[in-house]
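2 protein chains.
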Amino acid sequence: MSQYEISALKQELTGLAMVDDPRLVRQKSRDFFWYSPVLKRQLDHVSGDLVVTPRNEAEVIRVLKACYAQGVPVTPRGAGTGNYGQAMPLSGGVVLNLAEMRAVREIGEGRVVTEPGAIIAKIDEETRAHSRQEMRMFPSTYRTASIGGFIGGGSGGVGSITWGGLRDFGNVLRLRIVTMEAEPRQLELTGEDLHKVMHAYGTNGIITEVEAPLAPAYDWTEVIVGFDDFMTGARYANDLARQDGILKKLITPIAAPTPHDYLSRDHSFARRDQSVVLLMIAPHAMDAFLTFHQRATGNAAAGGKSEILFRSDKTTEEERKNLPPVYELAWNHTTLCARRVERDITYLQVLYPFPGQLELIEKIHKHFGDEVPAHLEFVRFDGDITCFGLPLVHFSDEKRLEEIMTIHEDMGAPIFNPHRFTLEEGGMKQTDAVQLAFKREADPRGLLNPGKMIAWDDPEFDYSSQKTYLFPGMQSAE
Amino acid sequence: MSQYEISALKQELTGLAMVDDPRLVRQKSRDFFWYSPVLKRQLDHVSGDLVVTPRNEAEVIRVLKACYAQGVPVTPRGAGTGNYGQAMPLSGGVVLNLAEMRAVREIGEGRVVTEPGAIIAKIDEETRAHSRQEMRMFPSTYRTASIGGFIGGGSGGVGSITWGGLRDFGNVLRLRIVTMEAEPRQLELTGEDLHKVMHAYGTNGIITEVEAPLAPAYDWTEVIVGFDDFMTGARYANDLARQDGILKKLITPIAAPTPHDYLSRDHSFARRDQSVVLLMIAPHAMDAFLTFHQRATGNAAAGGKSEILFRSDKTTEEERKNLPPVYELAWNHTTLCARRVERDITYLQVLYPFPGQLELIEKIHKHFGDEVPAHLEFVRFDGDITCFGLPLVHFSDEKRLEEIMTIHEDMGAPIFNPHRFTLEEGGMKQTDAVQLAFKREADPRGLLNPGKMIAWDDPEFDYSSQKTYLFPGMQSAE
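Residue numbers (numbering that gives the first Met the number 0), protein chains in the order written: chain A, 0 to 477; chain B, 0 to 477.
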C-alpha cells in the first residue's frame with residue numbers, strides 16, 4: 000500500500016475529474032506492455048491509486064502541486080498505446096490522464112500547436128481541412144495515439160522514410176512543460192532543450208503543449224507488392240527508399256509467412272510462401288513508382304517473381320472501408336496483428352546500420368530461420384537510408400530471448416530492447432546526462448513516473464552486467 | 000550559307016511571328032555558352048537564319064512540317080539561359096522560340112501542367128497563389144529560365160538537396176512532344192519514356208507541354224554563414240545536409256576569396272579571407288537550424304571561427320529589395336557573378352562521389368590552390384547525400400583547362416564537361432542508346448538541333464580519344 004493518503008489528495012483536488020474505482024484505475028494504468036512476455040510478467044499487477052483527468056494546464060498545475068506537497072507519484076498518460084510500460088505507475092499514485100487536453104490550438108504554414116492529449120489522426124483531420132497539411136510522422140497507432148505520448152515515448156514511424164526520427168532536429172518544434180515542484184513552473188523548450196523531455200517517459204516534466212512541423216497532406220496511395228523471395232523484396236525496398244524523386248511515407252518488407260498467416264484477417268492478398276513490401280506513395284508519384292517497379296522487377300530471373308497484390312487507387316471506396324489502412328499492418332501493428340493469431344509471439348527492435356544493412360539482414364535471418372520472422376521498416380537515419388528491424392519472435396523463454404538479442408548485437412545489429420521498462424535499458428544503455436540533470440531541476444523529489452530512469456535511482460548501475468534493473472520502488476504483486 | 004531557301008519557308012509560314020533581321024536572329028541564336036572560353040571560340044559566330052515564335056502547339060506543328068518538307072534544321076529555344084550552346088543552331092535554319100508558349104494550364108495537388116516556355120518563377124507565382132505550392136527544383140536562372148529549357152537541357156539545382164536531380168524518377172511527370180516528320184505526331188511521354196527527351200537538347204522532339212511535381216511552398220529563409228576555413232564550412236554543410244528533420248532548399252559552400260571578390264556587388268558580407276555557406280531554410284525549420292548551427296560551431300577550436308553573416312528573416316523588406324536572392328549567388332550564378340568581375344574566369348562541373356566527398360574535395364583543392372577556387376552544391380544523389388563541385392577556374396589556355404579536368408578524373412572526381420556542346424561529351428561520354436533510337440523515330444532526317452548528338456552523326460566516334468568532336472555540319476565562321 001501507499002505511503003501517502005490518497006483520501007487527503009482527493010480532498011485537495013476537489014472539482015477535478017477523478018476516478019478511484021480500482022478496476023477502472025487499473026485499466027488506465029496499463030499500456031501495450033503485454034507485447035513483451037518479460038514486461039507482462041514484471042508489470043501485470045501494476046496499478047495507480049487514482050486517475051486524474053485535467054482539462055487544462057491550470058488543472059495540471061493543481062495536481063502536480065498537490066502531489067508534490069503530499070509526496071504522491073504522478074505518471075502521465077496519453078492514450079496508453081506505448082509498448083514499454085511507459086505510462087504504467089510502478090509505485091502507484093496518480094495516473095495523470097491527459098486525454099481530455101486534446102485541442103488543436105493553432106495551425107500555421109508548416110506548424111501546428113496542440114494540447115498533449117490530441118489524437119494524431121484528429122490533428123491531421125484539422126490540419127488537412129485547414130490547409131492540406133499533415134503530421135510528418137506517426138506511429139501505427141495513428142488513430143488512437145496522442146501526440147504527447149508519441150513525443151514522450153516514441154521514436155518515429157510512418158513518415159520516417161522521409162523525415163528521419165522524432166529525435167532529429169526539426170521534427171518537434173516546441174514543447175511547453177510543467178515541472179513537479181512546490182510551485183510548478185511552466186517552461187517553453189525549443190532547440191537543444193527539447194531533448195531534455197523528448198522520449199523521457201514524462202520523468203522530468205509534464206508536456207502541456209506541443210508545436211510540431213507539418214508536411215503537405217496527400218491522399219497516399221497504398222500498395223502491396225508480393226515477392227517469392229524475401230531478400231529480393233528487401234533489396235527492392237532499399238532501392239525504392241533511395242529514389243529521391245519518389246515521395247513516399249512507408250516502406251515495409253515483411254517475410255513469409257507473416258503476411259498470409261497474421262496480416263490477412265481483412266486483406267487476403269498473399270500466398271503463404273509470399274513475402275510482401277507494404278508501401279504508401281504520394282498519388283502524384285505513382286507513375287514514377289510504377290516505372291521504378293517495372294525496372295526493378297523486370298528481370299524476373301534475379302530472384303523469383305514479384306507482383307503488385309494491392310493498389311488502393313484501384314479499389315472502390317466501399318472496398319477500402321472493409322480494409323485496414325496499410326500502416327495498420329506495419330511498424331508495431333505487425334506484431335499486434337501476429338499476436339491476435341498466436342499469443343506466443345513477441346518482437347525485437349533492431350537497427351541495421353548503413354551501409355551494410357542488406358548483407359546483415361540476410362545473415363541474421365539465415366541464422367535464425369523461422370524462429371525470428373523478418374520485418375523491416377526503411378527510414379532515413381542520420382542522413383542515410385537504412386532500416387530498422389521489428390522482427391517477430393516465437394517466444395520460448397526469457398533466456399532464449401536474451402540470447403537472440405545478444406546474437407543480434409554480436410553480429411553487428413544494435414538492439415533497442417522492448418523488453419525493458421527503463422529508458423536506459425530500452426535505449427542507449429547509458430545515462431542520459433541531459434535528462435538526468437533536468438530531472439534534478441524539474442522533479443527534485445523524484446515523483447514523476449518513478450522507476451523509469453535508472454540514473455535517478457541507481458547512478459552506479461552497471462549496464463554491462465547483463466542484469467535487468469530491478470526498481471526497488473515497484474509495487475509488489477499481490 | 001544554307002542549302003535551303005529561307006524565303007520559301009517564310010512564304011510557307013505566313014501568319015506566324017517571324018524575325019529575320021540578322022542582328023536579332025543572332026541574338027536569339029545564343030545562350031550563356033560564353034561561360035566557356037572553348038565554346039566561345041567554337042560557337043561565337045553561330046546564328047540561325049530565321050526565328051519563328053509559335054503561339055501554340057498547332058503552330059509548332061506547322062513549323063516542323065514545313066521545315067521537314069524543305070530540309071531546314073530546327074533548334075528549339077526556351078529562354079536561352081543554358082550554358083552549353085544547347086539552344087544554338089549550329090547549322091543555321093530556324094530558331095524555334097517557345098517563349099510565347101508560357102501558359103500555366105492546370106494546377107493540382109502535387110502537380111502543375113504548363114506550356115514549355117513558362118518561366119519557372121512565373122509558374123511558382125501561380126502555384127503559390129493557387130495552393131501554396133512551388134516547383135521542387137529550379138536553376139539559379141529561376142527568374143528568367145523556362146521550364147522546357149530546364150528539362151531539355153538542365154540537370155537539377157536549387158531544391159536538389161531535397162529531391163535529387165531532374166533525371167530521377169518522379170521529378171518530371173509527363174512531357175508532350177511533337178515529332179519532326181512529314182506529318183508531325185503528338186506524343187505523351189511518361190515513366191521510362193521521359194528519358195527519351197529529357198536532357199536531349201531538343202534533338203529528338205519539341206516539348207509542347209510539361210507536367211511537373213510540386214512541393215509545398217515556403218517563404219524560405221536565406222542564411223549566409225561565414226567560416227575562417229573552407230573545409231570547416233564544407234563539413235558543416237555536409238552535416239547540415241544530413242539533418243533529415245531540417246527542411247532546406249540550398250546548401251552552397253564557396254571558398255574565400257570568391258564571396259568577397261565576386262559576390263559582394265550587392266551583399267557585402269564577407270571578409271576577403273572568409274569562406275561562406277549559402278543556405279535556404281524553411282521558416283519553420285529555423286529554430287532547428289539554429290540549434291544545429293550552435294552545436295556544429297560550438298567547438299571553435301576545431302577549425303577557426305564561424306559566424307552567421309546574414310539572415311533574411313532579420314532584414315526589412317526594404318533591405319531585401321536591394322539584395323539579390325541568395326540562389327542568385329549559387330549554382331551557375333556563382334560563375335556568372337565571378338565573370339562580371341574577372342572575364343578570364345570559367346568553371347567546371349564535378350561530382351564528388353559519396354561517401355568520400357569531403358576527403359576528395361580537400362585533396363583536390365589542396366592540389367590546385369588559387370587556380371581553382373572551390374564552390375560546392377550539396378544534393379541528394381541516388382539516395383545518398385553528397386555534392387557537386389562548380390569550381391571556378393582562372394583560365395590560362397585550353398590545354399591547361401583539359402589538364403585540370405584530367406587531374407580531377409584521375410583523382411576520382413568525374414567531370415561533366417561544360418566546355419563541350421554535344422550531349423555525349425558534356426555527359427556520360429558514351430552513346431545514349433535510348434535517345435538515339437528515339438531520334439531515329441522522331442527526327443528521321445536529323446533536322447532537330449543538328450550537331451548536338453554525336454551518336455547520330457558519327458556512331459564510330461571514339462570517346463576515349465581525348466579529341467573534341469568536330470561537327471561537320473557546323474556553319475563556318477565568317
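We treat Cβ as the ideally placed atom computed from N, Cα and C, and that holds for glycine.
Quick caveat, the model's predicted, so the values are computed rather than measured.
Asked	Found
Span of the alpha helix (DSSP H) around residue 60(A)	56 to 69
In chain order, each beta strand (DSSP E) run of at least 3 residues that lies wholly inside the region 225 to 294 of chain A	247 to 253, 274 to 280
Cross-chain neighbours of residue 291(A) in chain B, by beta carbon under 7 Å	168
Within 8 Å of chain A by C-beta, residues of the region 277 to 289 of chain B in sequence order	281, 282, 283, 284, 286, 287, 288, 289
Residue 434(B) at chain A interface by Cβ criterion, 7 Å	no
Identified DSSP bridge partners for residue 185(B)	177(B)
Within 9 Å of chain A by C-beta, residues of the region 237 to 250 of chain B in sequence order	237, 238, 240, 241, 242, 243, 244, 245, 246
Chain A contacts made by the region 369 to 389 of chain B, where a contact means CB separation under 9 Å	378, 379, 380, 381, 382, 383, 384
Cutoff 7 Å: residue 341(A) Cβ touching any chain B Cβ	no
Validate contact between the region 415 to 431 of chain B and the region 69 to 86 of chain B using beta carbons, cut 8 Å, 3 pairs	yes
Residues that residue 138(B) contacts on chain A, provided the C-beta gap is smaller than 7 Å	Ordered by position in chain A, no residue passes the 7 Å Cβ test against residue 138(B), which lies about 17 Å from the chain.
C-beta atoms of residue 120(A) and residue 103(A) nearer than 7 Å	no
Presumed contact (8 Å Cβ cut-off) between residue 53(A) and residue 100(A), rounded CB distance	7 Å
C-alpha distance - residue 268(A) paired with residue 320(B), whole-angstrom precision	58 Å
Below-7 Å beta-carbon distance, residue 109(A) vs any chain B residue	yes
CA-to-CA distance, residue 229(B) to residue 181(B), given in whole angstroms	57 Å
Which of helix, strand or coil DSSP assigns to residue 470(A)	coil
Spatial distance of residue 212(A) from residue 400(B) (CA atoms)	47 Å
Three-state secondary structure assigned by DSSP to residue 462(A)	helix
Within chain B, partners of residue 294(A) - CB distance below 8 Å	191
Inter-residue Cα distance where the pair is residue 108(B) and residue 249(B)	24 Å
Three-state secondary structure assigned by DSSP to residue 371(A)	coil
Within-7 Å CB hit, residue 323(A) to chain B	no
Under the three-state DSSP convention, the category residue 197(A) falls into	coil
Residues that residue 124(B) bridges to, as DSSP identifies them	Its beta-bridge partners do not exist; DSSP assigns none.
Chain-order list of residues whose beta-carbon lies under 6 Å from that of residue 308(B) (same chain, five-residue window excluded)	223, 225, 268
Given residue 68(B) as reference, the closest of 87(B), 179(B), 31(B) once Cα atoms are compared	179(B)
Those residues which DSSP pairs with residue 95(B) across a bridge	51(B), 75(B)
Span separating the alpha-carbon of residue 186(A) from that of residue 173(A)	10 Å
Contacts of residue 155(A) in chain B (Cβ-Cβ under 7 Å)	Going along chain B, no residue has its Cβ under 7 Å from residue 155(A), so there is no contact; the nearest lies around 10 Å.
Chain-order list of residues whose beta-carbon lies under 8 Å from that of residue 8(B) (same chain, five-residue window excluded)	49, 65, 66, 69, 71, 93
Terminal residues of the beta strand (DSSP E) in which residue 17(A) lies	16 to 18
For residue 332(B), three-class secondary structure by DSSP	helix
Proximal chain A residues relative to residue 163(B), where beta-carbon distance stays under 9 Å	242, 243, 244
Closest by C-alpha distance to residue 256(B), when choosing among 95(B), 370(B), 135(B)	370(B)
For residue 465(B) and residue 430(B), the rounded distance between their alpha carbons	16 Å
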